[in-house]
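Inspection log for the structure reproduced underneath, given as structure tokens.
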Amino acid sequence: MIELLTPNEFEALLLSLKISLTATLLSLPLGIMSGWLLAKFDFPGKGSLESLLHLPLVLPPVVTGYGLLVLFGPNGPFKELFNALGLELGFNWKGAVIASMVVSFPLMVNAIRLAFEAVDEKLEEVAKVFGFPPWKVFFSVSLPLAWTGLITGSMLAFARSLGEFGATITFVSSIPGETQTIPLALYGQLQVPGGEASALKLCILSLLLALTALWFTRKLRKETIR
Amino acid sequence: MIELLTPNEFEALLLSLKISLTATLLSLPLGIMSGWLLAKFDFPGKGSLESLLHLPLVLPPVVTGYGLLVLFGPNGPFKELFNALGLELGFNWKGAVIASMVVSFPLMVNAIRLAFEAVDEKLEEVAKVFGFPPWKVFFSVSLPLAWTGLITGSMLAFARSLGEFGATITFVSSIPGETQTIPLALYGQLQVPGGEASALKLCILSLLLALTALWFTRKLRKETIR
Amino acid sequence: MISANLQKALGPLNLDLNFTITAPGITVISGPSGSGKSSLVKLIAGLNTPDSGWLNFGGKTLYSSALNTDIATHQRRLAIVFQEARLLPHWTVKKNLTMGQKKIESFDKIVAVLGIEALLSRKPKHLSGGEAQRVALGRALCQKPELLMMDEPLASLDEERKEELLPYIKALPKKFNIPILYVTHSTKERNYLADTYYFLEKGKLTMQEKSTLTSTKHPQHLQLLSKVR
Amino acid sequence: MISANLQKALGPLNLDLNFTITAPGITVISGPSGSGKSSLVKLIAGLNTPDSGWLNFGGKTLYSSALNTDIATHQRRLAIVFQEARLLPHWTVKKNLTMGQKKIESFDKIVAVLGIEALLSRKPKHLSGGEAQRVALGRALCQKPELLMMDEPLASLDEERKEELLPYIKALPKKFNIPILYVTHSTKERNYLADTYYFLEKGKLTMQEKSTLTSTKHPQHLQLLSKVR
Amino acid sequence: FVAASALAPMLVASETYGKISGDKVVVSGAASSTLARQIERGAKAALFLSASVKWMDYLKEKGTIESSTNYLSNQLVLVTNSNNNFTGANWPHDLLKETGSSRIAMGDPTHVPAGVYAKEALVNTKVWGKLKNKIAPAQTVTKALLFVESGISKFGIVYASNLKLSRKIKAIYQFPKESHKPINYPLGLNIKASDSAKKFYDFLFTEKGKKIFKNLGFTTND
Ligand SMILES: Nc1ncnc2c1ncn2[C@@H]1O[C@H](COP(=O)(O)OP(=O)(O)OP(=O)(O)O)[C@@H](O)[C@H]1O
Ligand SMILES: Nc1ncnc2c1ncn2[C@@H]1O[C@H](COP(=O)(O)OP(=O)(O)OP(=O)(O)O)[C@@H](O)[C@H]1O
Ligand SMILES: [Mg+2]
Ligand SMILES: [Mg+2]
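Encoded structure:
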């Protein structure tokens, strides 16, 4: 299999995997928190939070990418923060992770939110009665009962990250070995007359990754033991 | 408000609305069916169906668009079928609807699936016992109890359609008044000197549409009266 | 007339049901917790598929593993009061009672005897345990089934209400000419209602003689009762 | 010692609870369905916030609208047997009993008296109604709370099992030195268990004299009982 | 159909022409590759102004377009953010030194026409070897421009016509014409084009038509 791939394609594969996985895992804690907040609480500004979360879904990816460029670029408002952290996002894979996270976040949050909404409050009450402090109620009751939502949400985010193109290429460009994921490489191949063969190969790679993710998701779903 | 918009922008707004709404409404029956099948049944080929549904999420939109162009374009294999139906998809708003549907379908299906999975089977059993044939069980019990999922799914699909760019521009190009939705117009404006003002306006238009959709969603969610 | 010969393995329990109920009237089924009473109800309803055997009701074969027959639940013309209320949460109490039907005969009567007049427009979420159970009972009574099954329908009602409902239930078989399968743990209910009485233990049904109805199978009860009173 | 003065409007019902329980032992609360018994339990547990009033327990103020005090449920050191079993579906029966605690005193004893030895490794989904209720009861007995509340804990158990459990429950207050609030519809249980007895009707609690314990409040019962027996 | 980089003048041209003739011209702008594929697949585009000769040849091969003329040409410039005070005086020394850890924004040299020309120019000025790992290959020239605008790239190589897109950008060096192949935008007429489309085609070659493109930074080939 590997021999069938050019080094460039192989690099793109690894990069896609690395970026999508990192993005999904990094989003997860925040996604869980937001999904939970939206599902269980009414608070002032809930509407605004909801809107903000859905922004990247509604805006064309180019705009999202442009927004990221303005926000996280060297003249952006977070400049000092990132400098202090020693984090540089421009033109590297970390930037691609950010782009993927932003773009796939709404999908993750909505799945998780739906799952939390379906958790029976009466079961959470039981845990409270038996002395579980709120954090323990959350981790031992709410979260496990929202399991399918977590899985679905992560799968959606991972798949969306794998397919992420517009925001990434706008934010961190398409540098082979650094930010050129499968979709970007694929796009490049489509721009060259006669690049279809390689494009098809990359397409199939994407699909294989996605199938693996789906297979994995099915396994994990089965673990749900209601 | 309307006076603030150039005729082109206004056209793009209407087109976006028309295309996104049509795409969402047309997807809904199919989305409900697929979500229900995936949630409630195990059948041979379930894995394949699942993979197929998630394809457009994993593939970069450009590829999806290209695939649509090859499949449904004026010279595609379904040419005769479409001619017979009097349907022409190439380079018109109907094609844009198809692009939006394909791209947003996985989001819709997953939300609906999660909701169906959360419906208590015992309640469906009650309806059966009291003589409801399967279709009636579905419409009077399963579907209403999956209400939040339907709403969330539709909202996600609508929002995703509003932001849809890559597949659309690749499949049906960017023809003002016909296929040039807000994101495509926005993209065009970014290519034109002094287009930033208009681009910003279009951005805000997108957001307003999305906010309306979210507000609507919240209203409909509240109707859920478990 | 119901006759059945059904087998079903449920985890460690092997249900092996073999019975014929020819008499109309109320057939009471008792038995310790976990002996398979609710499972029996589900098997007759077709909510659970038996491993093997057959089930006849009123001359029709509802299930037969040999003939590969399995009439769908919704065609079996049943009504069940489940052990849990199982009300449909998106419908009002009234709609839960009528299950969407327009005209229910003696609807007002049923509502009155259950004391749920004041609840009709509420959603099930806001009902107390006993209120929910009464609505579930009312839902079954509003139907005109060919077989009515009740799984401890009075368990969480107060005694006053129980006393009111028992005569009402006792009169049902004659009134609508249907058989009733009644699951209960209560000796009192059993003694008052049973025309036929089966005892279920470890998956096996045994018909009890009429004469045993007035005595109790478990001398321990009496012993304790005497202690308490 | 519990003393309370709590008001809460629940739809058409105005709960107005005013009581002091000084004696240790078992306080039985009866009352018709929908009179507010479960709501009372929830108010004491802090699962429902009262509209006004105060609640003291063992010298601590758990709730006071005047002082703006409202101790969170998990700090109230309670155990409750809910009217519905409310088992956690993702845990085995064993974990549901221990609630994740390592060492439970007299765990084997509790499991034995409830007859749930064979169920320990099962998931709640596969339990019968009575089995689930026994596990829910066991869960509360495994705790060492400062107040134990039980909402019809024996409703769906067979009579044999009830007879076994009643003496066990009766012995609890002395054994662990805790008060028990026991909600039941059953005259039998009430008569056997009650050290103090309250009757709840239309949201109002009235203490019943010790002497009324042996007679029954509702002559109708006796009437029917005599008919049945 | 028109390559995105030449969309702006084409819009003006179509509007002007619409006023003169009363015919409505519909302009669709996207990447040349996208448009070429759409035309191949049966898009009813009468005219195709491509940013690259390659895609025009591709269509000619497929027989959808008969012939084409190099209608426009363009120039390559080195740009920087207007806030920076670099000049082109020390070309290419400054470029090498000042790029530092940032990257030079340009079209992707593997397929974006502007990038292809830029690479050629750098190769010919003998700096490509040192810079090839220091470029940010953008999806389009406009996006390369965005990189410079946002400051994430210090330098960028774009078309002269792009300068009109942003006030935050200044050109500091114009690549000599000899340093790269001529930048041509071939204009082709679909074999199925209608007569009215042909009229617009002709209009583009009038002085009036050409002036529009010149105003927006292009050179027209006579
Ligand atoms: N959230 C609510 N909104 C409106 N009414 C409610 C709500 N919760 C409970 N009620 C009503 O309050 C009354 C008391 O309910 P509660 O559950 O306390 O009754 P109960 O005494 O436990 O009855 P049972 O013996 O039937 O369990 C009932 O009439 C019930 O319908
Ligand atoms: N899906 C299942 N898998 C395994 N065991 C099951 C399943 N469903 C029920 N059982 C077991 O089968 C037995 C019979 O259950 P059933 O609900 O019929 O009991 P029951 O007689 O109604 O008891 P109760 O009086 O407690 O309601 C129980 O031991 C239960 O644990
Ligand atoms: Mg049962
Ligand atoms: Mg109650």
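Those protein sequence lines, which keep their order, are chains A, B, C, D and E. When we follow the working numbering, the leftmost residue of the first sequence carries the number 1, and every step to the right adds one. When we follow the working numbering, the leftmost residue of the second sequence carries the number 1001, and every step to the right adds one. When we follow the working numbering, the leftmost residue of the third sequence carries the number 2001, and every step to the right adds one. When we follow the working numbering, the leftmost residue of the fourth sequence carries the number 3001, and every step to the right adds one. When we follow the working numbering, the leftmost residue of the fifth sequence carries the number 4001, and every step to the right adds one. Cβ coordinates follow ideal geometry from the N, Cα and C atoms, glycine included.
Would you mind reading off the limits of the alpha helix (DSSP H) that contains residue i?
i	result
E/Trp4055	4053 to 4062
C/Asn2096	2093 to 2098
B/Gly1163	1147 to 1163
E/Ile4065	No alpha helix (DSSP H) contains E/Ile4065, which is instead part of the beta strand (DSSP E) from 4065 to 4074.
A/Ile182	182 to 190
Nearest by alpha-carbon distance to residue i: which of the options is it?
i	options	result
B/Leu1030	B/Phe1072, B/Leu1021, B/Val1109	B/Val1109
D/Met3149	D/Tyr3168, D/Thr3187, D/Ala3140, D/Arg3161	D/Ala3140
B/Ala1167	B/Thr1006, B/Leu1068, B/Leu1049	B/Leu1068
A/Asn75	A/Gln189, A/Gly90, A/Ala111, A/Val63	A/Gly90
C/Ala2009	C/Gly2031, C/Thr2027, C/Ala2045, C/Ser2052	C/Ser2052
D/Ala3004	D/Leu3055, D/Val3093, D/His3185	D/Leu3055
E/Gly4151	E/His4180, E/Ser4050, E/Arg4103	E/Arg4103
A/Pro133	D/Thr3049, D/Ala3023, D/Arg3190, D/Arg3077	D/Arg3077
B/Thr1170	B/Glu1080, B/Ala1096, B/Leu1087, B/Lys1046	B/Ala1096
D/Ala3132	D/Lys3102, D/Cys3142, D/Pro3167, D/Leu3157	D/Leu3157
A/Phe72	E/Phe4147, E/Ala4136, E/Tyr4117	E/Phe4147
D/Met3001	D/Glu3160, D/Ser3186, D/His3185, D/Glu3146	D/Glu3146
A/Arg221	B/Arg1113, B/Pro1007, B/Leu1107, B/Gly1045	B/Arg1113
D/Gly3046	A/Val129, A/Val103, A/Thr24	A/Val129
E/Ala4003	E/Asn4184, E/Ser4194, E/Ser4196	E/Asn4184
Using the Cα positions of residue i and residue j, report the straight-line distance between them to the nearest angstrom.
i	j	result
C/Gln2223	C/Leu2165	Reliability fails at C/Gln2223, whose pLDDT of 42 lies under 50, so the model's placement of it is uncertain and the value that follows must be treated cautiously. Distance between the alpha carbons of C/Gln2223 and C/Leu2165: 28 Å.
E/Leu4216	A/Phe78	36 Å
B/Thr1181	B/Val1119	38 Å
D/Gly3058	A/Leu37	35 Å
D/Lys3204	A/Ala39	36 Å
A/Leu211	B/Ser1051	6 Å
A/Ser173	D/Asn3096	53 Å
B/Ala1199	A/His54	20 Å
D/Glu3117	D/Lys3094	9 Å
A/Asp42	B/Arg1218	12 Å
E/Lys4119	A/Phe139	55 Å
C/Pro2089	B/Lys1122	12 Å
D/Phe3176	B/Ala1115	45 Å
D/Gly3011	B/Tyr1066	60 Å
E/Pro4109	E/Ser4179	15 Å
C/Glu2152	C/Ala2136	11 Å
Is any non-hydrogen atom of ligand 3 found closer than 8 Å to the C-beta of residue i, if you look at the structure I gave you?
i	result
C/Val2028	no
D/Gly3129	yes
Is residue i near ligand 1, with its Cβ less than 8 Å from a heavy atom?
i	result
D/Pro3012	yes
C/Asp2158	yes
D/Leu3040	yes
Over what stretch of residues does the beta strand (DSSP E) that includes residue i continue unbroken?
i	result
D/Gly3053	3052 to 3057
D/Pro3032	Run containing D/Pro3032: none; DSSP gives neither H nor E here.
C/Gln2007	2002 to 2010
D/Ile3178	Careful: D/Ile3178 lies outside any beta strand (DSSP E) and carries neither H nor E.
C/Ile2021	2013 to 2021
Given the structure, does residue i come close to ligand 4, in the sense that its CB is under 8 Å from one of the ligand's heavy atoms?
i	result
D/Val3183	yes
C/Lys2125	no
D/Asp3151	yes
C/Gly2031	no
Residue ranges of each alpha helix (DSSP H) run of no fewer than 4 residues wholly in the stretch 13 to 80 of chain A, ordered along the chain? 46 to 58, 61 to 72
If you scan the stretch 3125 to 3162 of chain D from start to end, which runs of the alpha helix (DSSP H) of 4 or more residues do you find wholly inside it? 3129 to 3142
Counting only runs that start and end within the stretch 4105 to 4168 of chain E, where is the alpha helix (DSSP H) found for 4 or more residues in a row? Within the stretch 4105 to 4168 of chain E, the complete alpha helix (DSSP H) runs of at least 4 residues are 4113 to 4124, 4128 to 4131, 4141 to 4150.
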